[in-house]
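Below is one structure, written out as structure tokens, with a few remarks after it.
Number of protein chains: 2
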Amino acid sequence: MKLDVFEIISVGNELLNGKTLNTNAHWLAKTITKLGGFVRRCTVVRDDVDDISSAIKESIKRKVNWLIISGGLGPTYDDKTLQGLAKALNRELIVNADALKMVEKKYEMMAHHGMIKKADLTPERIKMAKLPKGSKPIINPIGTAPGVMIDDGYKKIVCLPGVPVEMRAIFKESILPMITKVINNFYHEKSIHTTGIVESELAPLIEKALSNNPLVYIKSYPKGYEEGNAKIEIQVTAMAEQYFTAKKRVEDALEQLKSMIMAHGGMIEK
Amino acid sequence: MKLDVFEIISVGNELLNGKTLNTNAHWLAKTITKLGGFVRRCTVVRDDVDDISSAIKESIKRKVNWLIISGGLGPTYDDKTLQGLAKALNRELIVNADALKMVEKKYEMMAHHGMIKKADLTPERIKMAKLPKGSKPIINPIGTAPGVMIDDGYKKIVCLPGVPVEMRAIFKESILPMITKVINNFYHEKSIHTTGIVESELAPLIEKALSNNPLVYIKSYPKGYEEGNAKIEIQVTAMAEQYFTAKKRVEDALEQLKSMIMAHGGMIEK
Chain A
617 MKLDVFEIIS
627 VGNELLNGKT
637 LNTNAHWLAK
647 TITKLGGFVR
657 RCTVVRDDVD
667 DISSAIKESI
677 KRKVNWLIIS
687 GGLGPTYDDK
697 TLQGLAKALN
707 RELIVNADAL
717 KMVEKKYEMM
727 AHHGMIKKAD
737 LTPERIKMAK
747 LPKGSKPIIN
757 PIGTAPGVMI
767 DDGYKKIVCL
777 PGVPVEMRAI
787 FKESILPMIT
797 KVINNFYHEK
807 SIHTTGIVES
817 ELAPLIEKAL
827 SNNPLVYIKS
837 YPKGYEEGNA
847 KIEIQVTAMA
857 EQYFTAKKRV
867 EDALEQLKSM
877 IMAHGGMIEK
Chain B
617 MKLDVFEIIS
627 VGNELLNGKT
637 LNTNAHWLAK
647 TITKLGGFVR
657 RCTVVRDDVD
667 DISSAIKESI
677 KRKVNWLIIS
687 GGLGPTYDDK
697 TLQGLAKALN
707 RELIVNADAL
717 KMVEKKYEMM
727 AHHGMIKKAD
737 LTPERIKMAK
747 LPKGSKPIIN
757 PIGTAPGVMI
767 DDGYKKIVCL
777 PGVPVEMRAI
787 FKESILPMIT
797 KVINNFYHEK
807 SIHTTGIVES
817 ELAPLIEKAL
827 SNNPLVYIKS
837 YPKGYEEGNA
847 KIEIQVTAMA
857 EQYFTAKKRV
867 EDALEQLKSM
877 IMAHGGMIEK
């Protein structure tokens with residue numbers, strides 16, 4: 617089974633000063649995993665050209681297939697993702713004619729609807745159309761800043777805006793179809809909840825279930841105690857080339873695990 | 617003003633397959649920023665010794681002062697943070713007598729309360745007391761796995777459990793007092809909400825406010841449109857050695873920004 621390795625880079629001071637919870641990375645990780653992609657790492661950096669550039673270079677060095685970057689595409693001085701990307705790839709930032717048309721159209725529409733007075737292409741608006749050489753703009757169905765795509769065959773770099781609705785819209789409309797075209801894996805996961813067994817007692821049972829089912833991943837999450845009774849969630853996941861194979865592997869492992877847990881005095885919650 | 621540079625590493629497949637939203641990193645970033653620390657980067661890696669080890673090494677190479685790692689301290693096979701840390705630092709993993717006592721005490725208490733049958737120090741339980749040479753265990757007031765601290769003077773590495781209540785409890789009880797002892801900076805932030813001005817119109821105003829107030833950071837967050845009216849949140853932040861200095865810088869910048877926005881036909885929401 618060939619795995620497509622994804623990494624996510626989230627850009628924004630607000631993610632590192634505690635203002636904003638990084639729901640973008642969570643949504644991307646969840647969506648990509650469900651599509652059969654393997655999300656290996658997520659990095660959160662500040663609005664700093666050098667920090668953005670080095671995170672991108674490190675990711676490329678680790679031989680990523682898909683690098684998804686979100687945040688920092690807007691018109692303000694601290695939207696620096698494309699500068700960071702240009703620096704990482706050692707490419708010039710140039711006004712992309714297609715991107716400029718997309719931006720222009722948005723502001724014309726906004727002026728037409730009376731949302732702004734002038735649709736002029738000010739430096740701040742042109743900035744959103746300055747892409748690293750060799751990039752393609754991606755239509756933003758909601759906001760003004762286009763997404764950006766660089767496709768070098770083996771590795772693809774995608775830049776999405778940080779505004780969650782815009783990020784999701786571009787991803788669903790333009791990136792998701794590209795991913796499903798090249799990925800043929802299926803991911804399946806199922807969780808059970810146990811009581812009456814602590815994690816250290818569960819650990820050897822999980823190891824046994826894993827040695828019998830080497831193609832699944834089993835992970836336990838302690839959920840505290842209720843009336844002195846340990847509560848644990850156990851998640852079993854598998855990736856396979858066929859959906860029913862992934863599903864069967866998860867179910868087989870879960871069945872074995874359940875029997876072992878009950879034999880040890882634990883209970884499975886319905 | 618001397619800045620203490622923090623980085624956060626979150627360990628766990630569940631953070632990269634979309635199961636779990638990384639609220640730990642958010643809580644840590646928020647808490648550390650409020651304490652006057654500078655959070656430069658957050659990295660999320662899978663339960664993999666090599667991935668954990670390389671993330672730690674990269675962070676150390678970037679000359680971090682405080683590296684806060686959460687997740688992967690428990691008794692199961694996939695709790696690999698201490699193995700990764702030992703590998704990154706090229707130190708042996710050895711049973712720490714103090715840590716073993718902490719673990720032992722927890723299970724004795726659980727057996728005493730009838731939560732488990734036997735308090736034996738099984739390999740899975742001893743595992744939580746195997747720390748990289750030169751580490752100190754930190755009392756976990758809630759769960760069984762102790763936290764871990766390595767203090768090399770210039771750089772401090774702290775490992776916390778991934779279970780949020782345990783992570784927060786150890787941080788508040790043991791790490792927060794250490795941080796406040798060495799950090800003397802104050803962070804202040806204030807946000808306003810504007811309507812009737814789009815981000816590309818706001819951008820030059822923010823730049824002007826910044827050139828007048830170079831010691832603050834101003835960031836805008838587009839919040840969509842209401843009845844064709846652009847809504848934007850603007851956050852102004854500052855760090856200073858005195859609380860009132862940070863506060864005054866934020867307020868001065870905000871006042872200037874507000875006047876400029878209103879002069880441009882924008883409105884400030886009350």
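In order, the protein sequences belong to chains A and B. So the first sequence is residues 617 to 886, counted in our numbering. So the second sequence is residues 617 to 886, counted in our numbering. Where is the CB? At the ideal position from N, CA and C, for every residue including glycine. These numbers were taken from a predicted model, which means no experiment stands behind them.
Check B/SER751 in the structure and name its three-state DSSP category.
-> Here residue 751 of chain B is taken as the residue at index 135 of the second sequence, counted from 1. The three-state secondary structure of B/SER751, taken from DSSP, is coil.
Return no unless some Cβ of chain B is closer than 8 angstroms to the Cβ of A/PRO691.
-> To locate residue 691 of chain A, count along the first sequence from 1; it is residue 75. For A/PRO691, the answer is yes, since a Cβ of chain B falls inside 8 angstroms of its Cβ.
What separation, rounded to the nearest whole angstrom, lies between the Cα atoms of A/PRO838 and A/ASN633?
-> Taking the first sequence and counting its residues from 1, one reaches residue 838 of chain A at position 222. Taking the first sequence and counting its residues from 1, one reaches residue 633 of chain A at position 17. Using only the alpha carbons, I get a separation of about 28 angstroms.
In terms of alpha-carbon separation, which member of B/LYS646, B/SER807, B/ILE758 and B/TYR770 lies closest to B/MET783?
-> As a working mapping, residue 783 of chain B is identified with position 167 in the second sequence. Closest by alpha carbon: B/ILE758.
If you draw a straight line from the alpha carbon of A/ALA645 to that of A/VAL627, how long is it in whole angstroms?
-> Your numbering for residue 645 of chain A matches position 29 in the first sequence. Your numbering for residue 627 of chain A matches position 11 in the first sequence. When rounded, the distance between both Cα atoms is 15 angstroms.
Report the partner residues of B/LYS772 according to the DSSP bridge assignment.
-> The residue given as residue 772 of chain B occupies position 156 in the second sequence. Its beta-bridge partners are B/TRP682 and B/ASP767.
Contact set between B/THR659 and chain A, taken where Cβ atoms lie within less than 8 angstroms = Taking the second sequence and counting its residues from 1, the one referred to as residue 659 of chain B is at position 43. Identification of chain A residues near B/THR659 by a Cβ-Cβ cut-off of 8 angstroms yields ARG657, CYS658, THR659 and VAL660, ordered along the chain.
Beta-carbon spacing of B/ALA819, A/TYR693 below 8 angstroms = Residue numbering aside, residue 819 of chain B sits at position 203 when the second sequence is read from its first letter. Residue numbering aside, residue 693 of chain A sits at position 77 when the first sequence is read from its first letter. Yes, Cβ-Cβ distance for B/ALA819 and A/TYR693 is below 8 angstroms.
Which residues in the same chain as B/ILE663 place their Cβ atom closer than 7 angstroms to its Cβ, once the five residues preceding and following it in sequence are excluded?
-> Start at 1 with the first residue of the second sequence, and residue 663 of chain B comes out as number 47. Checking the sequence shown, residue 663 of chain B turns out to be Asp, not Ile. Excluding sequence neighbours, B/ASP663 sits near VAL627, GLY628, ASN629, GLY688, ASP694 and LYS696.
Compare the C-beta of A/THR957 with all C-beta atoms of chain B and state if any pair is closer than 8 angstroms.
-> Residue 957 of chain A is absent from the structure shown; chain A starts at 617 and stops at 886.
Is A/TYR803 helix, strand or coil when you go by DSSP?
-> Translated into the one-based positions of the first sequence, residue 803 of chain A becomes position 187. Collapsing the DSSP output to three states places A/TYR803 in a strand.
In chain order, what residues of the same chain lie with their CB nearer than 7 angstroms to the CB of A/LEU870, ignoring the 5 residues before and after it?
-> Reading the first sequence from its first residue, position 254 is the one you call residue 870 of chain A. These residues qualify, in order along the chain: LYS806, ILE808 and VAL852.
Can you round the beta-carbon distance between B/ILE773 and B/PRO762 to whole angstroms, since I take them to be within the 8 angstroms contact cut?
-> For this step, residue 773 of chain B is matched to residue 157 along the second sequence. For this step, residue 762 of chain B is matched to residue 146 along the second sequence. Their Cβ separation, rounded to whole angstroms, is 14 angstroms, which puts B/ILE773 and B/PRO762 out of contact at 8 angstroms.
How would you label B/HIS804, buried or exposed, when you count the other beta carbons within 10 angstroms and need 16 or more for buried?
-> Here residue 804 of chain B is taken as the residue at index 188 of the second sequence, counted from 1. The Cβ neighbour count for B/HIS804, taken over all protein chains shown within 10 Å, is at least 16; the residue is labelled buried.
Going by the beta-carbon positions, is the gap between B/ASN801 and B/ALA856 smaller than 8 angstroms?
-> Here residue 801 of chain B refers to the residue found at position 185 when the second sequence is read from its first residue. Here residue 856 of chain B refers to the residue found at position 240 when the second sequence is read from its first residue. Their beta carbons are under 8 angstroms apart, which means B/ASN801 touches B/ALA856 by this criterion.
Pair within 8 angstroms by beta-carbon distance, A/LYS771 and A/ILE668 = For the purposes of this step, residue 771 of chain A is taken as the residue at position 155 of the first sequence. For the purposes of this step, residue 668 of chain A is taken as the residue at position 52 of the first sequence. For A/LYS771 and A/ILE668, no; Cβs fall outside 8 angstroms.
Looking at C-alpha atoms only, which residue of A/GLY881, A/PRO830, A/VAL798 and A/ALA735 is the closest neighbour of A/GLY769?
-> Position 153 of the first sequence, counted from the first residue, corresponds to residue 769 of chain A. Nearest of A/GLY881, A/PRO830, A/VAL798 and A/ALA735 to A/GLY769, Cα basis: A/VAL798.
Grouping DSSP H, G and I as helix and E and B as strand, with all else coil, what is B/GLY840?
-> Residue numbering aside, residue 840 of chain B sits at position 224 when the second sequence is read from its first letter. B/GLY840 falls in the strand class under three-state DSSP.
Can you grab the Cα-Cα spacing for the pair A/THR659 / B/LEU631, in whole Å?
-> Counting from 1 along the first sequence, the entry for residue 659 of chain A is found at position 43. Counting from 1 along the second sequence, the entry for residue 631 of chain B is found at position 15. The straight-line gap from Cα to Cα measures roughly 12 angstroms.
Classification of B/PHE860 by the beta-carbon crowding that lies within 10 angstroms, buried from 16 upward = Here residue 860 of chain B refers to the residue found at position 244 when the second sequence is read from its first residue. Exposed.
Pick from B/ARG741, B/LEU716 and B/GLY812: whose alpha carbon is nearest that of B/GLY844?
-> Position 228 of the second sequence, counted from the start, is the residue given in the question as residue 844 of chain B. Distance check between B/GLY844 and each of B/ARG741, B/LEU716 and B/GLY812 places B/GLY812 closest, using alpha-carbon atoms only.
Using a cut-off of 7 angstroms between C-beta atoms, extract the partners of A/GLY844 located in chain E.
-> Given the protein chain composition of this structure (A and B), no chain E is represented.
What does DSSP give as the partner residues of B/THR810 in its beta bridges?
-> What you label residue 810 of chain B is simply residue 194 of the second sequence in a count that begins at 1. Residue pairing by DSSP places B/THR810 opposite B/ILE848 and B/ILE884 in a beta bridge.
At a Cβ cut of 8 angstroms, what residues of the region 773-803 of chain A count as close to chain B, listed as they run along the chain?
-> Answer set for the region 773-803 of chain A: VAL779, VAL781 and TYR803.
Proximal residues, the region 729-755 of chain A versus chain B, C-beta separation under 7 angstroms = Cβ contacts with chain B come from HIS729, GLY730, MET731, ILE732, THR738, GLU740 and ARG741.
Flag this pair as yes or no: are the beta carbons of A/LEU701 and A/THR796 separated by less than 8 angstroms?
-> Within the first sequence, the letter at position 85 stands for residue 701 of chain A. Within the first sequence, the letter at position 180 stands for residue 796 of chain A. Contact: no.
Per-residue burial, A/GLY840 [other beta carbons within 10 Å of its own, 16 or more giving buried] | Here the question's residue 840 of chain A lines up with position 224 in the first sequence. That one is exposed.
Between which two residues does the beta strand (DSSP E) containing A/LEU709 stretch?
-> Translated into positions along the first sequence, residue 709 of chain A becomes position 93. It spans 709-711 - the beta strand (DSSP E) in which A/LEU709 sits, taken as one unbroken run.
Distance, B/ARG741 Cα to B/SER686 Cα | Counting from one through the second sequence, the residue named residue 686 of chain B turns up at place 70. Counting from one through the second sequence, the residue named residue 741 of chain B turns up at place 125. If I take the Cα positions, the gap works out to 19 angstroms.
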